[in-house]
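Participant:
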Amino acid sequence: MHTFLIALDLVGTFVFAISGATLGVRKRMDLFGVLVLAFAAAVSGGIARDVLIGAIPPVALVNWHYLGVSCLAGLLVFFRYHDVERLRNPVQVFDAVGLALFAVTGTTKALAAGLGPMGAVLLGMLTGIGGGMVRDILAARIPVVLQSELYAVAALAGAALVVLGRSLHLPGAPTLLAGALLCFGLRYLAIRRGWRLPVAQSRRN
Amino acid sequence: MHTFLIALDLVGTFVFAISGATLGVRKRMDLFGVLVLAFAAAVSGGIARDVLIGAIPPVALVNWHYLGVSCLAGLLVFFRYHDVERLRNPVQVFDAVGLALFAVTGTTKALAAGLGPMGAVLLGMLTGIGGGMVRDILAARIPVVLQSELYAVAALAGAALVVLGRSLHLPGAPTLLAGALLCFGLRYLAIRRGWRLPVAQSRRN
Amino acid sequence: MHTFLIALDLVGTFVFAISGATLGVRKRMDLFGVLVLAFAAAVSGGIARDVLIGAIPPVALVNWHYLGVSCLAGLLVFFRYHDVERLRNPVQVFDAVGLALFAVTGTTKALAAGLGPMGAVLLGMLTGIGGGMVRDILAARIPVVLQSELYAVAALAGAALVVLGRSLHLPGAPTLLAGALLCFGLRYLAIRRGWRLPVAQSRRN
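As they're listed, the protein sequences go chains A, B and C. Numbering-wise (this note's numbering), the first sequence opens with residue 59 and increments by one. Numbering-wise (this note's numbering), the second sequence opens with residue 59 and increments by one. Numbering-wise (this note's numbering), the third sequence opens with residue 59 and increments by one.
Structural data, given as structure tokens:
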């Protein structure tokens, strides 16, 4: 199970790195800028979580798999950009997979570090959405998670299910999978059906 | 006194959350984006301070009052936006109250964590201005504290007075109140009278 | 040697603070905004490194030299802006010196904190480029290190040479100097000769 989780974590790293590298190419960054943005998108959420729970140094700086997988994704996007653009929808789906996996593994790590239910849910959500926020800040645009369809809400729901399962003493692995499926399902349906949360009415933009 | 301080801290959280939520509505974020921006504006300064003094996990992730107060402020702004827009000036005044409270409580926490005078003043200022900086970065604009009337200077003055009082062994509570009043007074007068620091002359913008 | 390194570190702080202050004046920030941006550009890389290796509180908040040197640089730029604009090229050269010094001292601190080779190289690079990234984020523009000529690559090369020298048990001081020279040389040649990394072809910008 532990190995399986690490494998899923690296899949999440890979797809988030692809999203960062794609934005870097669009903003006409050079090869190294693209790799930096891929790595930042993939690991920033996890690094913020590790700093906030005191897990120093963060695993993404100690375990070379995260850097390797990020660079692989960045090189792939850089040299096969037209193929990636064509894959547009599959990338969004993989991104939803990454969001789901990071939200539940982040929640689990926060619980293991002794945080209470609220802190664990917040940190799980932060692990899921943090990488995309840093990616968008570095590209000087408003983070899409603040504007797009049920993105952060999906991460919140998955994280909350993990905490709920833990407090009911349900077995760990199925709870994690259920949380990840809930998050992925919400996000996937939001993409497919264009579900949106309401926007307040304002006289100025 | 301790309970009184916590109450004031939560008032500061509330008014900063209102400033974040207001910006979120103006940028046409959805309901959840508004809540995230409200929470980020309210707690980022305190979280940065806690990370830098090693108070892990940060109090805003452990004590649910901060999240609750932030969400309450965010919902209020979202569903009563026109009323908040009309209250414009009172909000700026409350914002000055929050700045003053966070600056002096942040300085006190940094001194209690063993930092020297300079570090405590810097961290007090950071606690006061950090939330607004994160709020503006997430909204992809230059932080107003870097551009507006005596904002950071007021926080610096309040923090410095707390450190000065501590080094002269003055009683704690009155020193805190004096620091908060100094910060609030400077900021309030700067708003009312349009006081500004000088801007250097540059041939290009 | 230790005193020599600290002196070089403060030179790096000074030149990075000049870059921050110059950007602040161009963005028409007031005096205090200019000082804040100077300090942020000078110390953010080092503070991020200290947080990630658990060196709390960060040295830049404890040792007043960093604040003093940053404010000195900020005041100089504010009151002598036209002279600084004329010095344009020398500033870029000093900036390359700062990048080189921060990259090798950051790598050394990370190794001393027990990080492995990969983590030390990443943190050395982050120490070198972090200040400029925060500076540009605060000014609401895409960090130039993601777009300009061999900037982060030069920091990476210098950091990697320090780690290589350490793993071969070469003497410390010459290794540091060699790493700094490699970083400075790459960056300087990139500026002078307009060396750039490739940019991927994209149908949209």
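All C-beta atoms, glycine included, are put in the ideal place defined by N, C-alpha and C. The structure presented is a predicted model; accordingly, all values stated were derived computationally and were not measured.
Is the CB of B:I105 under 8 Å away from at least one CB in chain C?
Facilitator: Output row for B:I105: interface = no.
Participant: Run down chain A in chain order and give the residues with a C-beta less than 7 Å from the C-beta of B:I187.
Facilitator: None at all; the shortest Cβ gap to chain A is about 18 Å.
Participant: Could you tell me whether the Cβ of C:R262 comes closer than 8 Å to any Cβ of chain B?
Facilitator: Note that C:R262 has pLDDT 48, beneath the 50 cutoff, so the model's placement of it is unreliable and no number is given.
Participant: What residues of chain B sit near A:I249, judged by a beta carbon separation below 8 Å?
Facilitator: Residues of chain B passing the Cβ test: none, with the nearest at roughly 15 Å.
Participant: Touch check for the segment 191 to 198 of chain C and the segment 76 to 87 of chain A: three-plus C-beta pairs under 8 Å?
Facilitator: Contact between the segment 191 to 198 of chain C and the segment 76 to 87 of chain A is absent, because fewer than three Cβ pairs lie under 8 Å.
Participant: Which residues, in order along the segment 142 to 162 of chain A, keep a beta-carbon less than 8 Å from a beta-carbon of chain B?
Facilitator: Cβ contacts with chain B come from no residue of the segment 142 to 162 of chain A.
Participant: Excluding the five sequence neighbours on either side, which residues of its own chain have a C-beta within less than 6 Å of the C-beta of C:G186, listed in chain order?
Facilitator: Taken in chain order, the residues that qualify are L157, F160, A161 and A213.
Participant: Say whether chain B places a C-beta atom closer than 8 Å to the C-beta of C:I64.
Facilitator: No, C:I64 lies away from the interface with chain B (no Cβ there is under 8 Å from its Cβ).
Participant: Alpha carbon to alpha carbon, how far is B:L95 from A:A178?
Facilitator: Rounded to the nearest angstrom, the two C-alpha atoms are 19 Å apart.
Participant: Can you list, in chain order, the residues of its chain whose CB lies under 7 Å from that of A:L110, leaving out five sequence neighbours each side?
Facilitator: Hits under 7 Å: L181.
Participant: Where are the alpha helix (DSSP H) runs, 4 residues long or more, that stay fully inside the segment 132 to 197 of chain C, in chain order?
Facilitator: Those alpha helix (DSSP H) runs which fall completely within the segment 132 to 197 of chain C and span 4+ residues are 139 to 144, 146 to 170 and 175 to 196.
Participant: A:G216 and A:A99: beta carbons closer than 8 Å?
Facilitator: No, they are not a contact pair.
Participant: Would C:G104 be called buried (16 or more neighbouring beta carbons within 10 Å of its own) or exposed?
Facilitator: Result: buried.
Participant: Using a Cβ cut-off of 8 Å (strictly closer), state whether A:M87 contacts chain B.
Facilitator: No, A:M87 does not count as interfacial toward chain B.
Participant: How far does the alpha helix (DSSP H) with B:L208 in it reach, from first residue to last?
Facilitator: Note, B:L208: premise wrong, no alpha helix (DSSP H); not H, not E.
Participant: Let me check understanding here. Comparing Cα to Cα, which of B:V203, B:L130, B:L235 and B:M176 lies closest to B:I249?
Facilitator: Minimum Cα distance to B:I249 is reached at B:V203.
Participant: Can you check the segment 236 to 260 of chain A for any beta strand (DSSP E) of at least 3 residues that lies completely inside it and give the ranges in chain order?
Facilitator: As far as the segment 236 to 260 of chain A is concerned, it has no whole beta strand (DSSP E) run of at least 3 residues.
Participant: On the DSSP bridge assignment, give the partners of B:D88 in chain order.
Facilitator: Per DSSP, A:V257.
Participant: State buried or exposed for B:G268, treating a residue as buried only when at least 16 other CB atoms are found within 10 Å of its CB.
Facilitator: Given that chain B is displayed from residue 59 to residue 263, the structure contains no residue 268 of chain B and the question cannot be resolved.
Participant: Just how far apart, CA to CA, sit C:R251 and C:L240?
Facilitator: Cα to Cα, the separation comes out at about 16 Å.
Participant: With H, G and I counted as helix, E and B as strand and the rest as coil, what does DSSP make of A:A113?
Facilitator: A:A113 falls in the coil class under three-state DSSP.
Participant: Closer than 7 Å by C-beta to A:G188: which residues in its own chain qualify, once you throw out the five before and the five after it? Chain order, please.
Facilitator: Taken in chain order, the residues that qualify are S102, G103 and A106.
Participant: Do you know offhand how far B:L184's Cα is from B:G164's?
Facilitator: Approximately 8 Å between the Cα atoms of the pair.
Participant: Since A:G126 and A:L93 are thought to touch, with beta carbons under 8 Å apart, how far apart are those beta carbons, to the nearest angstrom?
Facilitator: Between A:L93 and A:G126 the Cβ distance is about 11 Å, and since that is not below 8 Å, they are no contact.
Participant: May I ask you to list, following chain order, the residues of the segment 179 to 203 of chain A that have a beta carbon less than 8 Å from some beta carbon of chain B?
Facilitator: Under the 8 Å Cβ criterion, the segment 179 to 203 of chain A contributes L180, L181, M191, I195, A198, R199, I200, P201 and V203.
Participant: Does chain C have any CB closer than 8 Å to the CB of A:G91?
Facilitator: For A:G91, the answer is yes, since a Cβ of chain C falls inside 8 Å of its Cβ.
Participant: Nearest chain B C-beta to C:F266 closer than 8 Å, yes or no?
Facilitator: Because chain C spans 59 through 263 in this model, residue 266 of chain C falls outside it and cannot be assessed.
Participant: Do B:R245 and B:L219 have their C-beta atoms closer together than 8 Å?
Facilitator: The answer is no: Cβ separation not under 8 Å.
Participant: So which residues of chain A does B:V120 contact, with C-beta pairs closer than 9 Å?
Facilitator: Within chain A, the residues near B:V120 are L173, G174, M176 and G177.
Participant: Output, in chain order, the set of chain A residues within a Cβ distance shorter than 7 Å of C:V109.
Facilitator: Those are V109, listed as they occur along chain A.
Participant: Going along chain B in order, which residues have a C-beta closer than 8 Å to the C-beta of A:A210?
Facilitator: Those within 8 Å of A:A210 in chain B are F90, G91 and V94.
Participant: In the structure shown, what three-state DSSP assignment does B:I200 receive?
Facilitator: Here B:I200 sits in coil by DSSP.
Participant: Since B:V135 and B:V83 should fall inside the 8 Å C-beta cutoff, what is the C-beta to C-beta distance between them, to a whole number of angstroms?
Facilitator: 6 Å between Cβ atoms; contact.
Participant: For C:T71 and C:Y124, which I take to be in contact (beta-carbon distance under 8 Å), what is that distance rounded to the nearest angstrom?
Facilitator: Indeed they touch by this definition, with Cβ atoms about 6 Å apart.
Participant: Hey, A:K167 and C:I200: beta-carbon distance below 8 Å or not?
Facilitator: No, Cβ-Cβ distance for A:K167 and C:I200 is not below 8 Å.
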